[in-house]
Structure formats: structure tokens, C-alpha cells
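So the protein sequences, as listed, match chains A and B. If you're matching positions, the first sequence starts at 477 in our numbering and goes up one per residue. If you're matching positions, the second sequence starts at 50 in our numbering and goes up one per residue.
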Amino acid sequence: MTLTQGGDPRVIDGLDPEPIVDLDEIRKTYSAGSVAVEALRGVSLRVDVGEYLAITGPSGSGKSTLMHIIGCLDVPTSGTYLLSGQDVSTMTERELAHVRNRRIGFVFQQFNLLASLTALRNVELPLVYAGVPAADRARRALQALDALGLGDRVDHRPGQLSGGQQQRVSVARALVNDPDLILADEPTGNLDSVATRDVLALFDELHASGHTIVLITHEHDVAARSGRQVSVRDGLLVHGEGIDDLTLAAGVRG
Amino acid sequence: MNPLETLRTSISAILSRKMRSGLTMLGILIGVAAVMLTVGLGQGAQQTVASEINSLGSNLLVVTPGSSTSSSGVRGGFGSATTLTLSDANLLADQNNCPDISAVAPIMSSSQSVTSATSNWTTSLVGTTPGWLPVRARTVTSGRFFTSQESSDGATVAVIGSTTASELFTGSPVGQSVTVNGTTFTIIGELNTAGSSIAGNQDDTLLIPISTFAERIASSAQVGSISSIYLEASGQSTLSAAYQEAEQALDTAHGTTADAADFSIASQASLVQTATSTSRTLTVLLGGIAAISLLVGGIGVMNIMLVSVTERIREIGLRKALGATPAVILRQFLTEASLLGLIGGALGVIVGVIGARLLPGLISQPVSVSPVATVGALLVSLLIGIIAGVYPASRAARLAPIDALRME
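Pasting the structure below:
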């Protein structure tokens, strides 16, 4: 696979393209003992094909819950979620695993690479779970690492790589199954400024080549790189770019 | 995810925690080796007992008196009655009555102090007939055995076992004399060396003619009766015929029926069975204790798998986020637990086999290793791994990916 990808095949001339993510009145309630905590209180959100969306919000606002639901790591209490037109809110754990494997590429703040595996094996993991034959798997994983400039690091373990390189490996892993959506949770949170610039440039590149990206961050300058920003406050969505620092600061809780 | 990939993942998980995996396997290893060695020891002991009984003579039948009932109504055990007589022995030796019995040896015995010119020794004094040699499959290495004539005439001659001979004499015992209970016997022959068996040291004995025993040695209660009659059937195939002939002849002579006989006849097979049943009970007992240690090993596997699931909760979450289904996670942990069991079991079998080689040298007891028990031990350890893995694996499989990922 390569980073330079043509137009999305699902975009048919003259028709409104189907959104990748279509959330409608999503609510999520956690019960902590006898107390019910409403993390999301009716969130509706569309992410179109090829879009680069940043979700911001202070900690405790519900943005993590929202990200988990978009990533099919968690299921909403009520509301519908169509991922590329398919309702995932009623899927079984097995079906959700399949969706996570094929449709979504995750990039985590902690990189979440398995320390005992080489970069190549780490990138191969999603292909392993997709049932791709071993030879094909290695070829595709190598291509993904090559495309991210890590062709000479394939046999290194995560501990032998810098933070920026580790995040590149995890981006390669997110891309290797050619997902519909790249979901990045604070991808620069653990990186120094040089590596942050590097990874953000990589995201720009992915966006330019047609990938759909949803990025969760609390950093302003990171969010500013995206095409559109939404903010989560107290379980509700606030649209638009005009999220000033004062409200952001006021929203931060312990 | 194909089985090969599951296996690869499990092996790398086991290898990445070498110390812990090794200790876990040690539990299974000790259990399997303990089961193999105790069962092997028991089987070895049974085989020894069986071969010792068979060495007493081939195609042997032993007639013993029945139980006695005292005037006050107390019943003794088998052998306590004095219902067997020399005439019974003569009856059984009669080829017309019992064509399938090839040799007969009536036995009277007691423990007696034997005195030589220079020494004294307490040994098993046996009164018998020349039939004793073929029945017990023994030979005389020097001198001769006493004749039928001497046997019935009450001659004061004796044949000595090698142990008794070395205790009483320094040189060759043949031609020397010993005194028992005030009677002086001339040693006319020495028996071959037969070694020890469950019947005691077969070389520590002094044989004298049965009539001499009855006249000069037997206590008043013993007079006229003999303690047992050894019979040898003419062949393996005629053993049961010989048994029936002996039973019929004695029933007729004693005026009893088979149901109320005042004697009992035991074959070698039944002797073996009786003797080995004790060691079998012991084997089952010891094997049971060893099996418990195997069970404890299994609990160790379960424990370590539970720790492993807790420890790798993030890894499980990540694998789920990357598309591992609950079934894949379940299989991965089950495979890991089974591997721990199987490898531990295989190492246990190796230790067991080495132990079975070394142990006989240390405790002078044979240890037998049966292939069936070995394969069984492997299968059981695999099974224990699987059973111990089910609960931890299903816990891992049920983990919500988000809860697993959130764990720090």
C-alpha cells in the first residue's frame, strides 16, 4: 500500500457521499455503584470521507468516551452509530472486533506497541487477526513501514526506537489494513516538539492523500492543523473553531 | 488467526517470562514424575513378588489344612486345623488316583535351634520327602538328598541350605553333624543357593525326613498332622486337572464335600494374586498422593495464568482494539496454559524415566516404566493445562477492550 491514494471509490459523481461516521443522539451512561454518570448526553456528529476532524475538550468532558464509541471500543447506551452506513450500535463483540480490524486504524498516545515484538511483527498484528497469509502479511507490513521511512528499522523492538519512531510504527500499524478511518487519541501527547511536528506533518500528508482522520487532542496548536474542530463540553458537542482558551481553561477539572 | 500463529504467540509469551513459566512447569513436572515413579515402583514390586513366587517352583499347588474350631467355639484361621496327614500325602502321590500330579512333598516345619560342634543357629527346620526337590525346583550341589527309604524310616540325616551351612560350619558341611532338640543328624547334602524371596531366605533351612520330624521334633499338638502339602502338576495345561484330582481325593478321604472342605488348595496364580494385591493397594495409595501433587501443579498453572491475564490486561485490550475476537483471545490463553501443562508433563516424563533408571541402584527395588503410563501422564498433564486455562482464558476473552486499554 502507499500513502498516495486516489479519490475514494465510494464517492459517486453527483451524489452526496455517505459519511464515514454518522452519530445520532448518542448517549452513554456509566453506573458507578448507585450513581449513574452521564458521560455523553446526546451527541450527533458526521465525519465525511476525506475529512480531518479534531475533537477537543478538557479532561472529563466526555471526549474520550466519544472517541471510544467512534472506535467501536465501547457501545453507546442509546442512539445510533452508522459507520460507513452500517449500524454498529447493535453489533456483537465478535462483529465489533471485525469492524475494528478492517475499518479503523488506531493511533494511541502511549503508542501501545507490544514490547516483545519487532516493529515488523507489531505492524503485522492487524493482518494476523484479519487472517492474511504469512507471506502476504510480511510484504504488506514492510511496505507500510517503508512508506513511513522505517524500512531500516523493521527488526527493531519498540524499546530500541525513539518516541517519534514508535509513533510512526503505530501509524504504519493503523494504516496496514487500509482502514476507512484513522482514529488518533492524543497522538502527540508523549512526544517532544520535534517528534510532534514530524507526526503532525505525517497526518497532513495522510489527509492530503485522501485518508479520513479523527484526532482527539487537548492541545490547541495540534487541533489547529485539522480541517474542522468540534469540542466536547459536559457530554455535549460544541461546534466551530472559536473555542477560546478562557472557556477551555474554565472547563478543565481535576 | 490460524493455529500456527496462535501457537507462535503463546510460545513467545511463555519464553518472555522464562523464570515464571519454568517454575509453573516445575509443579507439573514434579507431579508427573512422582506419579510415574510411585506407580513404576509399585509395578516393579508386584513383578518381583510374582517372579519370586514363580521361582518357588513351577506348576505348584499348595494344600493347607482348613480352620479349626476349639471346644469353646473359637474358630482358627486356615492352617490351624490338624486335618492333613501323611496318608493324605501318600494318597495324592498315588498315580492311579491323581495321574496329573507329578510330585508331592508333605511339609512339617518349625523354627529350631541347631547346634554344631562349634556354633549354633536358629533356622527353619523342615520335615519332608524326596518330592521336595522337584516340587521346589531345587538341586543339591554337594552330597545327596535323602531317599524315600530314609524318609519313611526316620533316618537321622539332614540336607542343609547354604546360609545355614555358613553359619554353622567353616568348610564343607557334608559329613558333619548337627544336634537339634537332642537328636544328632548327619549332613548328607547341601542345597543350591536360591536367594531370598517373600517366603524368606530360602537358603536358611535344614531339611530332614518327615518321619524323623514327626517322631523326634514335632510337639504333641503337631503329631500325626502336617502343615502343608506341596504338589507339582505334570504341566501347565494339567494344573487345573491336578487341582481337581487333589480336591476330589482329599474330599473322599476326609468324607467332606467341596463346600465344607477341611483343607484348602491354593495355586501359584492365586498366591501371586494374594501377594500382589497388598502392593497394589499400596501403589494406588502412593499414586493417589502423587496425583494430588499433580493437581497442585495444575492449580499452579491456573494461578499463573490468572496473574498473566491481569498483567497483560493492556496487551489484551490492544489486541482486541486491533481486531482480536474474544474467541481468538480465549484460544491464545488456552494454548498457553496447555503448553505449560504439556511441556511440564514432557519434562516430568523425562525426569521419571531417568529416575526409573537411577532409583533401583539406590533403593534396590526395581522400577518399571510402562509406555501406557507415560503416554497417559502426558495426556493428563495436557488436560490439566487445558482445565486450568479455561477460567483465566475466558476472563481474558470477556474483558471489554476499553477497560483493558484504560488500565495503566
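Virtual Cβ for every residue (Gly too), placed ideally from N, Cα, C.
To the nearest whole angstrom, what separates the beta carbons of residue i and residue j, a pair I think is in contact under 8 Å?
{"i": "L542 (chain A)", "j": "V519 (chain A)", "result": "6 Å"}
{"i": "S168 (chain B)", "j": "L217 (chain B)", "result": "5 Å"}
{"i": "D609 (chain A)", "j": "R649 (chain A)", "result": "Reading off the sequence, residue 609 (chain A) comes out as Pro, not Asp. The pair is not a contact, with the Cβ atoms about 18 Å apart (cut-off 8 Å)."}
{"i": "A282 (chain B)", "j": "S151 (chain B)", "result": "7 Å"}
{"i": "G336 (chain B)", "j": "V84 (chain B)", "result": "6 Å"}
{"i": "G581 (chain A)", "j": "N653 (chain A)", "result": "7 Å"}
{"i": "V690 (chain A)", "j": "L529 (chain A)", "result": "5 Å"}
{"i": "A204 (chain B)", "j": "F195 (chain B)", "result": "7 Å"}
{"i": "S316 (chain B)", "j": "L299 (chain B)", "result": "Contact flag wrong, Cβ pair sits at about 15 Å."}
Could you spell out where the beta strand (DSSP E) holding residue i opens and where it closes?
{"i": "T594 (chain A)", "result": "Counting along the chain, T594 (chain A) falls outside any beta strand (DSSP E), and DSSP gives it neither H nor E."}
{"i": "Q636 (chain A)", "result": "It is not in any beta strand (DSSP E) - Q636 (chain A) carries neither H nor E in the DSSP assignment."}
{"i": "V112 (chain B)", "result": "L109 to P114"}
{"i": "A207 (chain B)", "result": "V206 to I209"}
{"i": "S458 (chain B)", "result": "No information on residue 458 (chain B) is available, as it lies outside the stretch 50 to 457 that chain B covers here."}
{"i": "H715 (chain A)", "result": "L712 to H715"}
{"i": "S226 (chain B)", "result": "S226 to V229"}
{"i": "V608 (chain A)", "result": "Unbroken run through V608 (chain A): none, as it is neither H nor E."}
{"i": "A700 (chain A)", "result": "Counting along the chain, A700 (chain A) falls outside any beta strand (DSSP E), and DSSP gives it neither H nor E."}
{"i": "V497 (chain A)", "result": "V497 to A508"}
{"i": "D308 (chain B)", "result": "It is not in any beta strand (DSSP E) - D308 (chain B) carries neither H nor E in the DSSP assignment."}
{"i": "L280 (chain B)", "result": "S277 to A282"}
Could you give the residue range of the alpha helix (DSSP H) that holds residue i?
{"i": "I412 (chain B)", "result": "P375 to I412"}
{"i": "S136 (chain B)", "result": "L135 to A142"}
{"i": "F679 (chain A)", "result": "S669 to A684"}
{"i": "T325 (chain B)", "result": "Q317 to E360"}
{"i": "T73 (chain B)", "result": "K67 to S104"}
{"i": "S707 (chain A)", "result": "Segment R704 to R709 is the beta strand (DSSP E) holding S707 (chain A); no alpha helix (DSSP H) there."}
{"i": "G581 (chain A)", "result": "That residue, G581 (chain A), is in no alpha helix (DSSP H); its beta strand (DSSP E) goes I580 to V583."}
{"i": "V429 (chain B)", "result": "P420 to R447"}
{"i": "D452 (chain B)", "result": "P450 to R455"}
State buried or exposed for residue i, treating a residue as buried only when at least 16 other CB atoms are found within 10 Å of its CB.
{"i": "D720 (chain A)", "result": "Annotation note: pLDDT 47 at D720 (chain A) (below 50); position unreliable, no value reported."}
{"i": "S211 (chain B)", "result": "buried"}
{"i": "K539 (chain A)", "result": "buried"}
{"i": "T113 (chain B)", "result": "buried"}
{"i": "T566 (chain A)", "result": "exposed"}
{"i": "D143 (chain B)", "result": "exposed"}
{"i": "S535 (chain A)", "result": "exposed"}
{"i": "G483 (chain A)", "result": "Note that G483 (chain A) has pLDDT 47, beneath the 50 cutoff, so the model's placement of it is unreliable and the number below is only indicative. With fewer than 16 other Cβ atoms within 10 Å, it is exposed."}
{"i": "S419 (chain B)", "result": "exposed"}
{"i": "V175 (chain B)", "result": "buried"}
{"i": "L722 (chain A)", "result": "At L722 (chain A) the pLDDT is 41, less than 50, meaning the model places this residue with poor confidence; the figure from the coordinates comes in the next sentence. By the 10 Å Cβ count, L722 (chain A) comes out exposed."}
{"i": "P52 (chain B)", "result": "exposed"}
{"i": "D137 (chain B)", "result": "buried"}
{"i": "A611 (chain A)", "result": "exposed"}
{"i": "T178 (chain B)", "result": "buried"}
{"i": "P441 (chain B)", "result": "buried"}
{"i": "M354 (chain B)", "result": "buried"}
{"i": "M351 (chain B)", "result": "buried"}
{"i": "R616 (chain A)", "result": "buried"}
{"i": "T478 (chain A)", "result": "At T478 (chain A), the pLDDT of 45 sits below 50, so the modelled position is not reliable; the number obtained from the coordinates is stated separately. Exposed, by the Cβ-count rule."}
{"i": "T664 (chain A)", "result": "buried"}
{"i": "G730 (chain A)", "result": "With a pLDDT of 35 at G730 (chain A), under the threshold of 50, the predicted position of this residue should be treated as unreliable, though the coordinate-derived value follows. The residue is exposed, with fewer than 16 neighbouring Cβ atoms inside 10 Å."}
{"i": "S387 (chain B)", "result": "buried"}
{"i": "A446 (chain B)", "result": "buried"}
{"i": "T190 (chain B)", "result": "exposed"}
{"i": "D452 (chain B)", "result": "exposed"}
{"i": "P450 (chain B)", "result": "buried"}
Out of the options, which has the shortest C-alpha to C-alpha gap to residue i?
{"i": "Y506 (chain A)", "options": "A:P552, A:A620, A:L626 and A:R613", "result": "A:P552"}
{"i": "Q198 (chain B)", "options": "B:D149, B:T261, B:T228 and B:E239", "result": "B:T261"}
{"i": "V223 (chain B)", "options": "B:G231, B:T235, B:N230 and B:V229", "result": "B:T235"}
{"i": "Y279 (chain B)", "options": "B:S100, B:V84, B:I338 and B:L110", "result": "B:L110"}
{"i": "S274 (chain B)", "options": "B:F312, B:V421 and B:L383", "result": "B:F312"}
{"i": "V184 (chain B)", "options": "B:T171, B:G404, B:A62 and B:P155", "result": "B:P155"}
{"i": "V424 (chain B)", "options": "B:G438, B:G397, B:A99 and B:S387", "result": "B:G397"}
{"i": "T58 (chain B)", "options": "A:R570, A:E662 and A:Y605", "result": "A:Y605"}
{"i": "A595 (chain A)", "options": "A:H715, A:L572, A:A620 and A:T672", "result": "A:A620"}
{"i": "L713 (chain A)", "options": "A:D498, A:R579, A:R517 and A:S510", "result": "A:R517"}
{"i": "S100 (chain B)", "options": "B:A243, B:L140, B:V206 and B:V321", "result": "B:V321"}
{"i": "S443 (chain B)", "options": "B:T188, B:A166, B:V400 and B:T374", "result": "B:T374"}
{"i": "R578 (chain A)", "options": "B:A370, B:I314 and B:G438", "result": "B:A370"}
Please confirm whether residue i has its beta-carbon closer than 7 Å to some beta-carbon of chain C.
{"i": "I353 (chain B)", "result": "You won't find chain C in this structure, because its protein chains are A and B."}
Say yes only if the C-beta of residue i is nearer than 6 Å to one or more non-hydrogen atoms of the ligand HEM, and no if none qualify.
{"i": "L499 (chain A)", "result": "Among the components modelled here there is no ligand, and therefore nothing to report on the ligand HEM."}
Check: Taking only runs of the beta strand (DSSP E) that begin and end inside the region 520 to 577 of chain A, which ones reach a length of at least 3 residues, in chain order?
Finding: 528 to 532 and 554 to 559
Next item on the list: Please go through the region 166 to 219 of chain B and give each complete beta strand (DSSP E) segment of 3 or more residues, from N-terminal end onward.
Entry: 169 to 177, 189 to 192 and 206 to 209
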